[in-house]
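Residues are numbered in this note's numbering as their position in the sequence shown, beginning at 1, plus a constant of 111. Glycine is no exception: its CB is placed at the ideal position from the N, C-alpha and C atoms. Just so you know, these numbers come straight off a predicted model, no measurement behind them.
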Amino acid sequence: MPANVLVVAPHPDDETIGCGGAVCLHANHGDRVFVAFLTSGELGLEHLPREEAWRIREAEAEAAAAVLGLAQLSFLRQPDWFVGENIEATARALCDILRREEPQIIYTPHVQEWHPDHQAALPVVRRAMSGFDIPTAELLTYEVWTPLCRYDRVFDITAVMARKLRAVRCYRSQLEVFRYDRAVKGLNQYRGCLAARCRYAEVFQECSAEGAPG
């Protein structure tokens, strides 16, 4: 039976880098996949006015969404780099999406990620779920900048890896600084070799809505 799947992404491109393969698999299965972007990543284009940076990065997210097969995007436009200082406000904004979409599965970055907004994403999700009476959903955390030291789920994404890379390359403004396409191809190849005995894989850690992983 098709499921409602929410991806919580601190910035445009995190959803594709971290779980773009899983998203493709969900879409292929007929699941409704939607993304909530906590910020619009204005610091990724810090030489531009904030509104212009939003326009560019959100347009790139729309292009990537078309490749991945996403049903809907929401941009919460919380301050880039400072999500951790705005947990309550961000959770309230996310709560509206949770109530509307009623996801059975939620993907969000794991808390050991280097970037502070990535670290704040799971606390935001937990606050939204527990503080505002949101039904329980399966919670899976993904890796973006910092590999997971422990994982519980492994998805073989070999069949959709080319599609994932096309989506990553929609974020042209960010590839000018970091070649995320090369980085994630290497990470997914590494995970495929060691975790799944396939060409490419993504790994995830199961978490509870209340507290510690597992």
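- Around the beta-carbon of residue 144, 16 or more other beta-carbon atoms lie within 10 Å, marking it buried.
- Rounded to whole angstroms, the gap between the alpha carbons of residue 205 and residue 151 is 14 Å.
- Counting along the chain, the unbroken beta strand (DSSP E) around residue 185 starts and ends at 183-186.
- Bounds of the alpha helix (DSSP H) holding residue 135 are 125-140.
- Between residue 116 and residue 146, the CB-CB gap reaches or exceeds 7 Å.
- Bounds of any beta strand (DSSP E) do not take in residue 277; it lies within the alpha helix (DSSP H) bounded by 272-279.
- In the DSSP secondary-structure assignment, residue 118 is bridged to 146, 218.
- The residues 115, 117, 145, in chain order, have a CB closer than 7 Å to that of residue 212 in the same chain once the five nearest residues on each side in sequence are set aside.
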